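If you read the sequence shown in our numbering, its first letter stands for residue 11, the second for the next number, and so on. C-beta atoms are modelled at their ideal positions from N, C-alpha and C, and glycine is treated no differently. No experiment lies behind these values; they were computed from the predicted model shown.
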Amino acid sequence: MTTVGIDAVEIWTGNLKLDLPGTFAPEKGEAPEKYTKGLGLNASSFPDSYEDIVTMGANAAYRLMDRKGLEPEDIGRIDVATESAFDNSKPVSTYIAGCLEQVYENDFHHANKGERKFACIAGTQSLDDAYNWIRAGRNRGRGALVIATDTALYARGDAGEATQGAGAVAMYIAEDPDLVELSADQGYGSADETDFLKPNQQFPSVDGKRSVQVYLARMREALEDYESVAGDVHPDDLAFIPFHTPFPGMVRKAGLLGYRHITRDTAIEDELAEEIGRQPRKEAFDDEEAFRDAVREYMDALKETDRYQEWYAETIDPTLTLSREVGNWYTGSVHIARVSAMKHALENGRDLTGETLLVGSYGSGAQAEIHAETVQENWAEEIEALNIDGQLEARYDLSWEDYEEVHDAHNHDMDVDVEELTTPHEEFVFDGWGRMGERKYRFVE
Ligand code: CAA
């Protein structure tokens, strides 16, 4: 059977940057370490006034198509995953196709287009849709363009404001992929939750503390469900675990929980037992509270062991490098975690070919999905072709006054016009409104 997976990836960051310890923390009267150490963030990417989910998505997709030499006829589907959509009917993929048609001779009239919504997990769901479409044999030799694009902005003063971000990830899903093969096995943890939602409003209503607990609970269910089809996961079998990363501190919690789970009943648990005892088992406790206390105590001790810290430094920490500099990209977040890890391997001369990534996606509301990916032999050329470091370096560093103005300019309830802070170059830009309230775009040479 032919393999199906991600053939290529491209990333497009918002052109502005908000320095969290340097600019944000002093305005909030907080210690810079709350951001750098607690949340694990140095900066957020932010959209300039001419950027939005369409421009960033189209720019990532254009870079990808151009680099891979793809033409519109090679693409049979365009799926956009976003939780920042501005239209309840016309999908963002039609706007992005319209942009791309400005720079390609041929059109995308033959391509099936859609928009996926389930908070941040929609990017992974779109990958799954593309995978299923190809596996079903409906692709006629074509691939699918999956674009995860978001302006993850919170209301000014919301606790989530520190975790904002803006950017897009474009992926080409095809047979015989160059980057990773997707596994057929998946595990889900899904429940009706009210942790983060946007009931017909631009900025989210968030129960921040609860959202952290819901993330962990759904992720644990997804792991158990995955193991029920794929067998027990063992730490030695995994090169990296890219998680959905709203902020790196969240992944620190997920990594610890995951490690406890995948080392249970293994030789690793036995070896650790000499130092910190064995993991508490529910059946050994009369009441839930005592069991929970024992688990908390075990986790606190586990976190301090060399064995855990080495595993975390090798398997989880490399997935967080980009996220630390860009914040939360919602639907794109887990996909930049994958790239971060592979980029780390490339920069350290490690050959990942044939190795396994366990990918933990999450969307509020809430659902987690776990699946495995196998790294393909051309992965290094794909990762080497990215220019994300240059893009991050080129971002305009916002002052607090700039930030306030540009946040207002993106607020749908405010009618604020601000000067562009950067000069667009070879990219799509927002170009005003059409007669039916639609957004217009043009390509700037
Ligand atoms: N030095 C070092 N660490 C410090 C510190 C200092 N001076 N000050 C605070 N910290 C630590 C805190 O101890 C805490 O770490 P732990 O959780 O490990 O204890 C961390 O910094 C954050 O501090 P607070 O909890 O006090 O921060 P907060 O209450 O202002 O906000 C938040 C945290 C609730 C997560 C908020 O950022 C938020 O609401 N974010 C949006 C929701 C979100 O991202 N949820 C994540 C799960 S949901 C999801 O993943 C979907 C999605 O993309 C939105």
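Query: Does the beta carbon of SER221 fall short of 6 Å from some heavy atom of ligand 1?; Result: yes
Query: For GLN135, count neighbouring C-beta atoms within 10 Å of its own C-beta (all shown protein chains included) and say buried if the count is 16 or more, exposed if not.; Result: buried
Query: Given 8 Å as the limit, is there contact between the stretch 273-289 and the stretch 362-382, that is, 3 or more CB pairs closer than that?; Result: no
Query: Alpha carbon to alpha carbon, how far is THR341 from GLY67? Give it in angstroms, no decimals.; Result: 12 Å
Query: If we count the other Cβ atoms within 10 Å of its Cβ and call it buried at 16 or more, is SER238 buried or exposed?; Result: exposed
Query: Just to confirm, is the Cβ distance from ALA154 to GLY24 under 7 Å?; Result: no
Query: If you check the beta carbons only, do PHE257 and THR329 fall under 7 Å apart?; Result: no
Query: Identify whether LEU367 lies in helix, strand or coil by the three-state DSSP scheme.; Result: strand
Query: Let me check understanding here. Comparing Cα to Cα, which of MET260, PHE440, TRP443 and HIS435 lies closest to GLU455?; Result: HIS435
Query: Look at the alpha carbon of PRO9 and the alpha carbon of ARG302, and state the distance between them as a whole number of angstroms.; Result: Absent from the model: residue 9. The displayed extent of the chain is 11 to 455, so no value can be given.
Query: Please determine whether the Cβ atom of GLY32 lies at a distance below 6 Å from any heavy atom of ligand 1.; Result: no
Query: Which same chain residues end up closer than 6 Å to ARG452 when comparing Cβ atoms and leaving out the 5 residues on each side of it in sequence?; Result: ASP441
Query: Have a look at LEU192 and SER54 and give me their C-alpha separation to the nearest angstrom.; Result: 30 Å
Query: Please classify TRP410 as buried or exposed, where buried requires at least 16 other C-beta atoms within 10 Å of its C-beta.; Result: exposed
Query: Between which two residues does the beta strand (DSSP E) holding ASP23 run?; Result: Contrary to the premise, residue 23 reads as Thr rather than Asp in this sequence. Residues 14-23.
Query: Does the structure place the stretch 330-338 close enough to the stretch 311-321 that three or more beta carbon pairs sit under 8 Å?; Result: no
Query: Let me know if THR204 comes out buried or exposed under the rule of 16 or more other beta-carbons within 10 Å of its beta-carbon.; Result: exposed
Query: For THR432, which three-state DSSP category applies?; Result: coil
Query: So the candidates are ALA18, TYR60, ALA240 and LYS44; which of them puts its Cα closest to the Cα of ARG449?; Result: TYR60
Query: So ARG126 is in the beta strand (DSSP E); what residue range does that whole segment cover?; Result: 122-126
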